[in-house]
Amino acid sequence: MSAGIPLASVKSQIFESVLGFLPDWVQITVLALVVLAVLASWAVKIKRKVAYRRAVRDGRPVHAAAQYGQGSGADYLGQYAPRPAGPAQQPSGADFLGAHAPRQRPGDGRG
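Pasting the structure below:
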């Protein structure tokens with residue numbers, strides 16, 4: 002009576018075959034840990050979303066790292082973060098060449 006259609010995906014079959022060799026108490030523990038990890042990730046996601054919405058509703062400034070679904074490693078640099086350059090101070094690659102930078106002549110029209 003087999004229709005030739007697999008009822009489970011390959012990943013679930015592998016998962017079941019790996020767990021099938023383990024004792025029952027290990028199977029139950031592994032499954033409980035997987036469920037706990039999923040629930041914990043959902044809880045953290047919901048907590049961040051609620052905190053973001055409260056900050057927006059209260060009119061508090063929202064840090065880029067605290068914005069829901071955004072953030073990068075540069076948001077956590079603290080005192081090591083690069084300072085923003087002012088409008089009068091635009092550094093370029095030549096600023097870091099030091100003694101190796103080409104000399105600028107007064108009438109060449111550059112710079």
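Each number in our numbering corresponds to the 1-based position in the sequence shown with 1 added. A virtual CB, placed ideally from N, CA and C, is assigned to each residue, including glycine.
- When the Cα atoms are used, leucine 23 and leucine 78 turn out to be separated by approximately 45 Å.
- For arginine 58, the uninterrupted alpha helix (DSSP H) segment begins and ends at 25–59.
- The continuous stretches of alpha helix (DSSP H) do not include leucine 78, and DSSP gives it neither H nor E.
- Apart from sequence neighbours up to five positions away, the residues of its chain that approach alanine 9 with a beta-carbon distance below 8 Å are Glu17, ordered along the chain.
- Collapsing the DSSP output to three states places leucine 20 in a helix.
- Within the same chain, and ignoring the five residues on either side of valine 35 in sequence, no residue has its Cβ closer than 8 Å to its Cβ.
- Collapsing the DSSP output to three states places alanine 100 in a helix.
- Between leucine 20 and glutamine 28, the CB-CB gap stays under 8 Å.
- Our two residues, valine 57 and alanine 82, have alpha carbons roughly 25 Å apart in a direct line.
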